[in-house]
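Taking the UniProt record's numbering, I'd label the letters of the sequence shown as residues 1 to 189. Quick notes on the structure that follows.
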Amino acid sequence: MAAITAPMQALSLDGVASPEPPRDISPTESQTPTPEAPRRKSRPDQVDPRPFPPMEEWHEVDAAGDCMYYGFYAGDDGLQKMLINCFPEHLGHKDPMNATLLYPALMFLRKHFRRRDISLATAILPQRAKDLSPEIEDEVGEHVLILGLFPLEEEPYLNRMTQAEVDEFEELMGTKPTWYRVAHLMSDI
């Protein structure tokens, strides 16, 4: 034991610097910023879907477990009319109320814009949609057919369409895009 204590006694604590006495730290100093994960940014050519829905509406939708989509009012015959107008020589004789044209219209748009995420949904018609497109005859609060471009979620938002594509959509659909509360997403189409 003496062999161990002798070298230990040789160690001197005199050479060790004494720790600084604790000092008062202000709350702002003590809160070291935690580095956030780098966030992806939107490309400058992507559509600007503002104004976003009001926060109260978003919280109501989120609490109900529903989602919101940025898209176009399609109504009862909007997609069918769009398809007939694009191919008048082949479809000019078709009735725009013919529901069998819905799927071909959706497939045409997905292929034309190279976007498989374009979807059909039943949504609740908001006042802002009627304000943007007064020609909409349905009443606010009714369930209407919409063409959804992307949901109000981070990943789809960051991968949204370009402004030029949405402008072309506006021309094809004859309405302006806005945010809709989705009642039923037709995801299997």
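Ideal Cβ positions, reconstructed from N, Cα and C, are used throughout, including at glycine. Because the structure is a prediction, the values reported are computed rather than measured.
Span of the alpha helix (DSSP H) holding H59?
Residues M55 to A63.
Runs of 3 residues minimum, wholly inside the region 164 to 188: which ones carry the beta strand (DSSP E) assignment?
The region 164 to 188 contains these whole beta strand (DSSP E) runs: 178 to 185.
Answer yes if the region 167 to 175 comes into contact with the region 67 to 77, meaning at least three C-beta pairs across the two stretches below 8 Å, and no otherwise.
Yes: the two stretches touch, three or more of their Cβ pairs being nearer than 8 Å.
Taking the continuous alpha helix (DSSP H) assigned at F72, which residues delimit it?
It is not in any alpha helix (DSSP H) - F72 instead sits in the beta strand (DSSP E) that spans C67 to Y73.
Who does H143 pair with in a DSSP beta bridge?
Answer by DSSP bridge pairing, in chain order: I124.
Take M82 and list the residues in its own chain whose beta-carbon comes closer than 7 Å to its own, dropping the five residues that flank it on each side.
Excluding sequence neighbours, M82 sits near A105, L172 and M173.
With L158 and V144 assumed to form a contact (beta carbons below 8 Å), what rounded beta-carbon distance in angstroms separates them?
Wrong, their Cβ atoms sit about 27 Å apart, outside the cutoff.
Suppose the cutoff is 6 Å on Cβ atoms and the five residues either side in sequence are ignored; what does the same chain contact list for P156 look like?
Closer than 6 Å at Cβ, skipping near neighbours: F150.
Just how far apart, CA to CA, sit G78 and P96?
Looking at the two C-alpha atoms, the distance is approximately 8 Å.
Please state the DSSP three-state secondary structure of F113.
DSSP places F113 in helix when its eight states are reduced to three.
Taking its Cβ as the centre, do 16 or more other Cβ atoms sit within 10 Å of Q80, making it buried, or is it exposed?
So Q80 counts as buried.
Let's test the definition: count the other Cβ atoms within 10 Å of the Cβ of Y103 and tell me whether it reaches 16, buried, or not, exposed.
It counts as exposed.
Taking Cβ to Cβ, would you say A121 is nearer than 9 Å to Y70?
Not a contact, by the Cβ cut-off of 9 Å.
Leaving out five residues before and five after L109 in sequence, what residues of the same chain have Cβ atoms less than 6 Å from its Cβ?
Closer than 6 Å at the Cβ level, and outside the excluded window around L109, lie I118.
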